[in-house]
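Letter by letter, the sequence shown follows residues -29 to -1, 1 to 327 of mature numbering (1 follows the signal peptide of the UniProt record, and there is no 0).
For each residue, glycine too, the CB sits at the ideal point set by N, CA and C.
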Amino acid sequence: MMSRQAFLCSLGSLYLSLLFIFLLMDVYARPANNSVLKEKAADGKDENEILPPDHLNGVKMEMDGHLNKEFHQEVFLGKEMEEFEEDSEPRRNRKKLMVIFSKVDINNDKKIGAKEMQRWIMEKTDEHFQEAVEENKMHFRAVDPDGDGHVSWDEYKIKFLASKGFNEKEIAEKIKNNEELKIDEETQEVLDNLKDRWYQADNPPPDLLLNEEEFLSFLHPEHSRGMLKFMVKEIIRDLDQDGDKKLTLSEFISLPVGTVENQQAQDIDDDWVKDRRKEFEEVIDANHDGIVTMEELEEYMDPMNEYNALNEAKQMIAVADENQNHHLELEEILKYSEYFTGSKLMDYARNVHEEF
């Protein structure tokens, strides 16, 4: 007969084995979000300064084709978004949210209409734009060591490879002498994609040199109509399965090739798929013909599109409009605070009028 100690050890081993299997199932069942992975991998590293970020604040879709899960908070809070992330004290967050409500309510009628919310969304999106401009100045200086106001592709390539662990002086010498660089296949693929983006950001007449404004378009394509088109082409290229340069619903909700290990995981209709289905049918496919063209996706991606901002304002109001008057009262925003700020406020209605 098995001893009690041996039985417990056996039970513990079985538990660990099952836990490992469940963790593997969870990894393979969910689509990878490259923007999150890169952010974690690049935390504190120089390459984060010179690589175009996957995540663009105030833009509905990430560079890798994933939906921006923080979009609502970004266009409602602007630069104040970090304050809500860092400060989780409900009472203080409630006061901050009440101050924001008063700023959005420009006619002081104690409710927010679609036009007021549209104006606010455009203002907060512009805040993200200005923040990117300021960051770009710092990043440009990092890749323009001689300070001549222009960066060549070779200068950028040297800095990029140095951020990947290559010896900067050796790389610079080899590039100067047109010697072959021994680069792994993955890094070379990234370089090729970056070079395509570099050429697109080089405004006419092309000289293969980027000034500070062009470098901003390179890092942040949402700042340039031409680069926005290029980003849309890249996203459609990655998702378009039949090569017609358009997206069907099935193509848009299918997981990118290589994301999952098996077909069973790809067929799982999880929240990721449901979110994309809803976004495709209700927002991106403007004429509701079941096809998303490059033009439709470009309009959807344009963060400074006033029509999109008005649509977004109406959707944000609809989420919390419990009394169905097509406006938002303070109590409704406080109750649905998690949607607007990412923070859940407990006892939202307590002492509201006394504090406001």
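DSSP places Q101 inside the alpha helix (DSSP H), whose first and last residues are A85 to V114. In this structure G29 does not touch D209 by the C-beta definition: roughly 22 Å separates them, more than the 8 Å allowed. Cβ contact annotation for F189 (same chain, cutoff 7 Å, sequence separation greater than five): P23, R168, W169, A172 and L181, in chain order. Between the alpha carbons of N138 and I129 lies a gap of roughly 9 Å. Sequence-distant partners of F111 (beyond 5 residues in either direction) whose C-beta falls short of 6 Å from its own C-beta, in its chain, are E183 and F186. By the neighbour-count criterion, in which a residue is buried when 16 or more other Cβ atoms sit within 10 angstroms of its Cβ, Y271 is buried. For the pair R90 and Y278, the Cα-to-Cα distance works out to about 11 Å. Taking K204 as reference, the option from D260, I21, E250 and M34 with the minimal CA-CA separation is M34. Assigned with DSSP and collapsed to three states, V75 falls in helix. The residue among A291, H298 and L299 with its C-alpha nearest the C-alpha of Y310 is A291. Taking the C-beta atoms as reference points, V46 is found nearer than 8 Å to E283. Assigned with DSSP and collapsed to three states, I304 falls in helix. Boundaries of the alpha helix (DSSP H) harbouring I142: E139 to K147, taken from the DSSP string. For the 8 Å CB-CB criterion, E267 and A257 form a contact. Assignment of L316 by DSSP, reduced to helix, strand and coil, places it in the coil class.
In this structure D76 is buried. Its beta-carbon is surrounded by 16 or more other beta-carbon atoms within 10 angstroms. The Cβ atoms of W243 and L179 lie no closer than 8 Å to each other. The three-state secondary structure of V30, taken from DSSP, is coil. For E293, no alpha helix (DSSP H) encloses it, and the DSSP letter there is neither H nor E. Between the beta-carbon of S314 and that of F131 there is about 37 Å, and that puts the pair past the 8 Å contact cut. Cβ contact annotation for R248 (same chain, cutoff 6 Å, sequence separation greater than five): I224, in chain order. Taking all protein chains shown into account, H99 has 16 or more neighbouring C-beta atoms within 10 Å of its C-beta and is therefore buried.
Here DSSP, grouped into helix, strand and coil, assigns T158 to helix. In this structure, L68 lies near S308, with their beta-carbon atoms less than 8 Å apart. Bounds of the alpha helix (DSSP H) holding A133 are W124 to S134.
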